[in-house]
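Each remark here refers to the structure printed beneath this line.
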Amino acid sequence: MKRFLDLADLEREEVLALLELARRLETRPEPQALAGKILGLLFLNPSLRTLASFQAGMARLGGSSFVITPGQGTWQFETRRGAVMSGAAAEHVREGIPVLASYCDALGLRAFADGKDLAADLAETGFNAMASLVDKPLINLESATSHPCQALADWKTLDELEVPRSGRFVLSWVNHPRALPLAVPASAVHMAALRGMEVIVLRPEGFALPPPIMDKARRAAAQSGGSVRETADRNEALAGAHVVYAKEWGATSCYGDAAADGRLRSELKHWCVRNDWFAQTAADCRLMHCLPVRRNVAVADEVLDSPRSVVQREAYNRLTVQMAVLHRMLKSI
Amino acid sequence: MKRFLDLADLEREEVLALLELARRLETRPEPQALAGKILGLLFLNPSLRTLASFQAGMARLGGSSFVITPGQGTWQFETRRGAVMSGAAAEHVREGIPVLASYCDALGLRAFADGKDLAADLAETGFNAMASLVDKPLINLESATSHPCQALADWKTLDELEVPRSGRFVLSWVNHPRALPLAVPASAVHMAALRGMEVIVLRPEGFALPPPIMDKARRAAAQSGGSVRETADRNEALAGAHVVYAKEWGATSCYGDAAADGRLRSELKHWCVRNDWFAQTAADCRLMHCLPVRRNVAVADEVLDSPRSVVQREAYNRLTVQMAVLHRMLKSI
Amino acid sequence: MKRFLDLADLEREEVLALLELARRLETRPEPQALAGKILGLLFLNPSLRTLASFQAGMARLGGSSFVITPGQGTWQFETRRGAVMSGAAAEHVREGIPVLASYCDALGLRAFADGKDLAADLAETGFNAMASLVDKPLINLESATSHPCQALADWKTLDELEVPRSGRFVLSWVNHPRALPLAVPASAVHMAALRGMEVIVLRPEGFALPPPIMDKARRAAAQSGGSVRETADRNEALAGAHVVYAKEWGATSCYGDAAADGRLRSELKHWCVRNDWFAQTAADCRLMHCLPVRRNVAVADEVLDSPRSVVQREAYNRLTVQMAVLHRMLKSI
Numbered sequence: 261m262k263r264f265l266d267l268a269d270l271e272r273e274e275v276l277a278l279l280e281l282a283r284r285l286e287t288r289p290e291p292q293a294l295a296g297k298i299l300g301l302l303f304l305n306p307s308l309r310t311l312a313s314f315q316a317g318m319a320r321l322g323g324s325s326f327v328i329t330p331g332q333g334t335w336q337f338e339t340r341r342g343a344v345m346s347g348a349a350a351e352h353v354r355e356g357i358p359v360l361a362s363y364c365d366a367l368g369l370r371a372f373a374d375g376k377d378l379a380a381d382l383a384e385t386g387f388n389a390m391a392s393l394v395d396k397p398l399i400n401l402e403s404a405t406s407h408p409c410q411a412l413a414d415w416k417t418l419d420e421l422e423v424p425r426s427g428r429f430v431l432s433w434v435n436h437p438r439a440l441p442l443a444v445p446a447s448a449v450h451m452a453a454l455r456g457m458e459v460i461v462l463r464p465e466g467f468a469l470p471p472p473i474m475d476k477a478r479r480a481a482a483q484s485g486g487s488v489r490e491t492a493d494r495n496e497a498l499a500g501a502h503v504v505y506a507k508e509w510g511a512t513s514c515y516g517d518a519a520a521d522g523r524l525r526s527e528l529k530h531w532c533v534r535n536d537w538f539a540q541t542a543a544d545c546r547l548m549h550c551l552p553v554r555r556n557v558a559v560a561d562e563v564l565d566s567p568r569s570v571v572q573r574e575a576y577n578r579l580t581v582q583m584a585v586l587h588r589m590l591k592s593i
Numbered sequence: 261m262k263r264f265l266d267l268a269d270l271e272r273e274e275v276l277a278l279l280e281l282a283r284r285l286e287t288r289p290e291p292q293a294l295a296g297k298i299l300g301l302l303f304l305n306p307s308l309r310t311l312a313s314f315q316a317g318m319a320r321l322g323g324s325s326f327v328i329t330p331g332q333g334t335w336q337f338e339t340r341r342g343a344v345m346s347g348a349a350a351e352h353v354r355e356g357i358p359v360l361a362s363y364c365d366a367l368g369l370r371a372f373a374d375g376k377d378l379a380a381d382l383a384e385t386g387f388n389a390m391a392s393l394v395d396k397p398l399i400n401l402e403s404a405t406s407h408p409c410q411a412l413a414d415w416k417t418l419d420e421l422e423v424p425r426s427g428r429f430v431l432s433w434v435n436h437p438r439a440l441p442l443a444v445p446a447s448a449v450h451m452a453a454l455r456g457m458e459v460i461v462l463r464p465e466g467f468a469l470p471p472p473i474m475d476k477a478r479r480a481a482a483q484s485g486g487s488v489r490e491t492a493d494r495n496e497a498l499a500g501a502h503v504v505y506a507k508e509w510g511a512t513s514c515y516g517d518a519a520a521d522g523r524l525r526s527e528l529k530h531w532c533v534r535n536d537w538f539a540q541t542a543a544d545c546r547l548m549h550c551l552p553v554r555r556n557v558a559v560a561d562e563v564l565d566s567p568r569s570v571v572q573r574e575a576y577n578r579l580t581v582q583m584a585v586l587h588r589m590l591k592s593i
Numbered sequence: 261m262k263r264f265l266d267l268a269d270l271e272r273e274e275v276l277a278l279l280e281l282a283r284r285l286e287t288r289p290e291p292q293a294l295a296g297k298i299l300g301l302l303f304l305n306p307s308l309r310t311l312a313s314f315q316a317g318m319a320r321l322g323g324s325s326f327v328i329t330p331g332q333g334t335w336q337f338e339t340r341r342g343a344v345m346s347g348a349a350a351e352h353v354r355e356g357i358p359v360l361a362s363y364c365d366a367l368g369l370r371a372f373a374d375g376k377d378l379a380a381d382l383a384e385t386g387f388n389a390m391a392s393l394v395d396k397p398l399i400n401l402e403s404a405t406s407h408p409c410q411a412l413a414d415w416k417t418l419d420e421l422e423v424p425r426s427g428r429f430v431l432s433w434v435n436h437p438r439a440l441p442l443a444v445p446a447s448a449v450h451m452a453a454l455r456g457m458e459v460i461v462l463r464p465e466g467f468a469l470p471p472p473i474m475d476k477a478r479r480a481a482a483q484s485g486g487s488v489r490e491t492a493d494r495n496e497a498l499a500g501a502h503v504v505y506a507k508e509w510g511a512t513s514c515y516g517d518a519a520a521d522g523r524l525r526s527e528l529k530h531w532c533v534r535n536d537w538f539a540q541t542a543a544d545c546r547l548m549h550c551l552p553v554r555r556n557v558a559v560a561d562e563v564l565d566s567p568r569s570v571v572q573r574e575a576y577n578r579l580t581v582q583m584a585v586l587h588r589m590l591k592s593i
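Protein chains in written order, with the numbering used here: chain A, 261 to 593; chain B, 261 to 593; chain C, 261 to 593.
Spelled out as structure tokens, the structure:
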């Protein structure tokens, strides 16, 4: 496996094999599998879980890693082609990225959406331009529309909790002080659809997921016997749900317009998951979230502190699935 | 040893055994003792010695580590229970800390005092709330009132310098541009008392150490045959001293009131250790300080650059004693 | 080798031996050569290549490293002797540096020029004061006037590309939004002269390299049969050139005067390397640059994206030559 950029790039069987490998490495550790191997981690945006779990995962497999965070001890990066670099950014990604790749055996790259031009973000213009500069194995640590490590961790979590393969998976929009990117919602619906689930996207008006994201999830559902639809009717969506996957994202009806987005969300304070959301769900319905979560804005304390919440399990599984990705990518090279 | 949060949590014999282990690891290194083990280091406040020496110590024992510094490449953490997280902090410690703990074999946590409410700081309200979220071995990298790694390093330094067990140990308040926490003075007086020394806290009016800190040190002295008292009389305190341990801390008479504290300390410029402080001490009296030290504010160049100063030895011993703590904590798990 | 501070400190044969060792480690890796060894990296200024390549190099040799960046998770450092430390800096280098050195087997230190007093910078006053505090092997990660790791990487790159030993090496000043230090130009001319090349410093009026830098390069040329001269005549300099080494630096005619420097460089926009600079050079003339490079300010896209540009090879060779330095320094201790 040369690149791990999106679950959709893999055959369903390959995804299942990664999950199996992750379980095997948990029960039968291979502390020397990646001895001498080096992972470079380039963060153009902040991180907690990704930053810690990739370093820990490499160490658990006997390898090592280094972290580069432009703007934190390293100068800022320019990403625009043809820029006259007379501003704050001292280094262009066209130099910086291939240079970092030349120091390591695999590179991880985080580059969030710009959040201004929906078409450009959906096309992964920025991430793809950077990815094209890398001739080493490359891992997507979250791009504009994809967070495959999170999706794989969530799938493993669903399996461990024995959530029915054809169960109801409700991705619900929740509130946040400002617009966030589409990567996690896009990856979550695709993952659940590929697992074979009944996927419902629950969101207020103005926050519909863009057609390319819904279409991609529907193609995955077609392979696996799942389904994908969307609604603004909370009661209908939650009835019988096995999973409520809470996630914040920006208004797609006014993408890139912070003021308009802010006016919309100011009326949506009740989109904070509370205990009463689970009145009509399956009794053991789970609350999932990729973290970080704004407590009492996106999800209430009463839910996060209840046994429903499996957010820490999801986060722990970032480590287990990423070790499988690293093992698959680097063991034999 | 599951937790290393305060020297007072250990029996005196356990402390002595850690010091013995530290010495043994210096003479007989065990470069593979912690092979495959991972230490997570979470810094809610800045660090130099702790940051470097824990990474170095894990490496010298064959293990590895990762560092998380909220606000530096990682979003800021919220610590308040029940907070409505609509501000700058994106992640609550109730998620962030258990997640990080799940990636490592032991976690180190630094969280300084808030410096507003003396009772809350003395009760370690903040640190304990975070510590209660960790189910892995946990190391205190400095909390509101305790810095056990520093205390252990200082004890080892006293032993190496053959400072008499019953010698006079003067903890002297020294000046600083602003109020600093009570962790190091509290840990230093407790350590010296537990070692069996004649401990004198020398400080101007308004800077008395709070009764719980003095009482804890007196309990330690009762075990070991030492003593603990306080005074504002510099000449009396320093006469015959074997150690002057200089330390800055905030006024306890107006805790949390920066303006009142500033007025007090503006009259106390002469609380900067100079050569003439040693006129009546033992001839080989040592100057100790946990570092960082404000030169010519807290301690004058003439003292820091003289053979009296053992501040670098103390700092080096951070490495040696922490290796013992890590070895004791992680070798057999 | 106890210190690697400047190529001029080594005999020419020692430099050649380091280059040979770098090539040997590329073809015959020694993944356990530095097992258990620790490199401390102290950055008083930002970094990308140095930060990543030293960590990667230690890992490839089986060792490990830690990074300290004052102001990023660590307090700011004071460097002035005798300072009354009542400002922002909480730690003096007189404590911080020896303490860090005590935790590792070798220390790397980056401390750029102050850029105010040319004589002080040429004398390496600041770096030398810090270096004198270190009793462990020490590596210069870039000081006021020297960047020996870059010079060694450049030399290896020239050899790999089979640039004639006596070929014409043109160090050309190029523009930048502000004055940059003299370390790389000084090291580049010295390196090329020591290699035996015909070195020409091409720069506009006001940007002559200071006599101590030119004299040092001339002494190297005298050893190796090379030569060193300077000119402001671009056409003359570039005719027949085998290498154009582009580099930004501050005006030496008004060193430390940002306004005067800015007025000078505002008239020098045409000092940006473009394809037409190569009209009279050797056909296979190379473009070198130490990176980071301001695209379309210092060097145009058309050159950086052409096969002439070997900037990524130079950056990759930072890794290979530094592994040789680390191996020579640490293998036998």
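Ideal Cβ placement from N, Cα and C applies to all residues, glycine included.
Would you list, in chain order, the members of the segment 315–331 of chain B that have their beta-carbon closer than 7 angstroms to a beta-carbon of chain A? Flagged, chain order: 324, 326, 328.
Let me know the secondary structure DSSP gives residue 597 of chain C once reduced to three states. In the structure displayed, chain C extends from 261 to 593; residue 597 of chain C sits before or after that span and is not available.
How about the segment 304–324 of chain C and the segment 512–527 of chain B: do they share at least three Cβ pairs that are nearer than 8 angstroms? Segments in contact, no.
Using the three-state DSSP reduction, which class does residue 555 of chain B fall into: helix, strand or coil? Assigned with DSSP and collapsed to three states, residue 555 of chain B falls in strand.
Nearest-angstrom Cβ-Cβ length linking residue 434 of chain A and residue 532 of chain A, presumed shorter than 8 angstroms: At roughly 6 angstroms, the Cβ-Cβ gap stays under 8 angstroms, so residue 434 of chain A and residue 532 of chain A are in contact.
At 4 residues or longer, and completely inside the segment 325–383 of chain C: list those alpha helix (DSSP H) runs for me, N to C. Here the runs fully enclosed are 353–362, 378–382.
Verify whether the separation of the beta carbon atoms of residue 405 of chain C and residue 443 of chain C is less than 9 angstroms. In contact: residue 405 of chain C and residue 443 of chain C (Cβ atoms closer than 9 angstroms).
Measure from the alpha carbon of residue 323 of chain A to the alpha carbon of each residue in A:295, A:592, A:564, A:330, then state which is nearest. Measuring from the Cα of residue 323 of chain A, the nearest candidate turns out to be A:295.
Suppose you measure from the CA of residue 283 of chain A to the CA of residue 417 of chain A; what does that come to, to the nearest Å? For residue 283 of chain A and residue 417 of chain A, the distance between alpha carbons rounds to 11 angstroms.
Buried or exposed: where does residue 287 of chain B fall if 16 or more other Cβ atoms within 10 Å of its Cβ makes it buried? So residue 287 of chain B counts as exposed.
For residue 280 of chain B, name the three-state secondary structure that DSSP assigns. It is helical.
Run through chain A and tell me which residues come within less than 8 angstroms of residue 298 of chain B, C-beta to C-beta. At a beta-carbon threshold of 8 angstroms, the residues of chain A lying near residue 298 of chain B are 316, 319, 320, ordered along the chain.
I believe residue 569 of chain C touches residue 547 of chain C by the beta-carbon criterion, under 8 angstroms. Please report the beta-carbon distance rounded to the nearest angstrom. Yes, they are in contact, since the Cβ atoms of residue 569 of chain C and residue 547 of chain C sit about 5 angstroms apart, within 8 angstroms.
How would you write the range of the alpha helix (DSSP H) that residue 562 of chain C sits in, first residue to last? Bounds of the alpha helix (DSSP H) holding residue 562 of chain C are 561–564.
Using DSSP with H/G/I as helix, E/B as strand and the rest coil, what is residue 429 of chain C? DSSP places residue 429 of chain C in strand when its eight states are reduced to three.
With 16 other Cβ atoms within 10 Å as the buried cut-off, status of residue 530 of chain C: Around the CB of residue 530 of chain C, fewer than 16 other CB atoms lie within 10 Å, so the residue is classed as exposed.
For residue 571 of chain A and residue 587 of chain A, believed in contact at Cβ under 8 angstroms, the rounded distance: Going by Cβ atoms, the distance from residue 587 of chain A to residue 571 of chain A rounds to 25 angstroms, so no, they are not a contact pair.
Assuming the contact rule is C-beta atoms closer than 8 angstroms, residue 583 of chain B and residue 320 of chain B should be a hit. Round their C-beta distance to whole Å, please. With a beta-carbon spacing of about 6 angstroms, residue 583 of chain B and residue 320 of chain B fall inside the 8 angstroms limit used to define contacts.
Could you please give the first and the last residue of the uninterrupted alpha helix (DSSP H) stretch that includes residue 447 of chain A? Counting along the chain, the unbroken alpha helix (DSSP H) around residue 447 of chain A starts and ends at 443–455.
Cβ of residue 403 of chain C within 9 angstroms of Cβ of residue 384 of chain C? The Cβ atoms of residue 403 of chain C and residue 384 of chain C lie closer than 9 angstroms to each other.
Please look up how many angstroms separate the CB atoms of residue 456 of chain A and residue 485 of chain A, rounded, as I've assumed it's under 8 angstroms. Indeed, because the Cβ distance is near 5 angstroms, the residues count as touching under 8 angstroms.
Can you find a CB in chain C that lies within less than 9 angstroms of the CB of residue 308 of chain B? Interface residue, yes.
Kindly confirm or deny that the segment 554–563 of chain C and the segment 331–351 of chain A touch, where touching means at least three C-beta pairs closer than 8 angstroms. The segment 554–563 of chain C is in contact with the segment 331–351 of chain A.
Simplified DSSP state of residue 507 of chain C, which is helix, strand or coil: Correct three-state label for residue 507 of chain C: strand.
Close Cβ partners of residue 336 of chain C (< 8 angstroms) along its chain, the five nearest in sequence each way excluded: Shown here for residue 336 of chain C: same chain residues with a beta carbon closer than 8 angstroms to its own, the five before and five after excluded, namely 330, 348, 349, 350, 351 in chain order.
Identify the contact partners of residue 579 of chain A in chain D, using a Cβ-Cβ distance below 8 angstroms as the criterion. The structure shown has no chain D; the protein chains it does contain are A, B and C.
Any C-beta of chain C under 9 angstroms from that of residue 397 of chain A: Not closer than 9 angstroms to any Cβ of chain C, the Cβ of residue 397 of chain A fails to qualify, so no.
Give me the Cβ distance between residue 300 of chain C and residue 312 of chain B, rounded to the nearest whole Å; I'm assuming they're in contact under 8 angstroms. Their Cβ separation, rounded to whole angstroms, is 7 angstroms, which keeps residue 300 of chain C and residue 312 of chain B in contact under 8 angstroms.
Report yes if the C-beta distance between residue 482 of chain B and residue 449 of chain B is below 9 angstroms; otherwise report no. Residue 449 of chain B sits away from residue 482 of chain B, with the two beta carbons spaced by 9 angstroms or more.
In DSSP terms, what residue 491 of chain A is bridged to: Residue 491 of chain A is bridged to A:462.
What does a CB cutoff of less than 8 angstroms around residue 357 of chain C pick up in its chain, not counting 5 residues either side in sequence? Here the set comprises 302, 367, 369, 390, 393, 394.
Close Cβ partners of residue 425 of chain B (< 8 angstroms) along its chain, the five nearest in sequence each way excluded: The answer, listed in chain order, is 455, 456, 457.
Have a look at B:567, B:581, B:289, B:544 and flag the residue whose alpha-carbon is nearest the alpha-carbon of residue 422 of chain B. Of B:567, B:581, B:289, B:544, the residue nearest in Cα terms is B:544.
To which residues does DSSP link residue 548 of chain C through a beta bridge? Beta-bridge pairing links residue 548 of chain C to C:505.
I need the straight-line Cα distance from residue 265 of chain B to residue 271 of chain B, nearest angstrom please. Spanning the two alpha carbons is a distance of roughly 13 angstroms.
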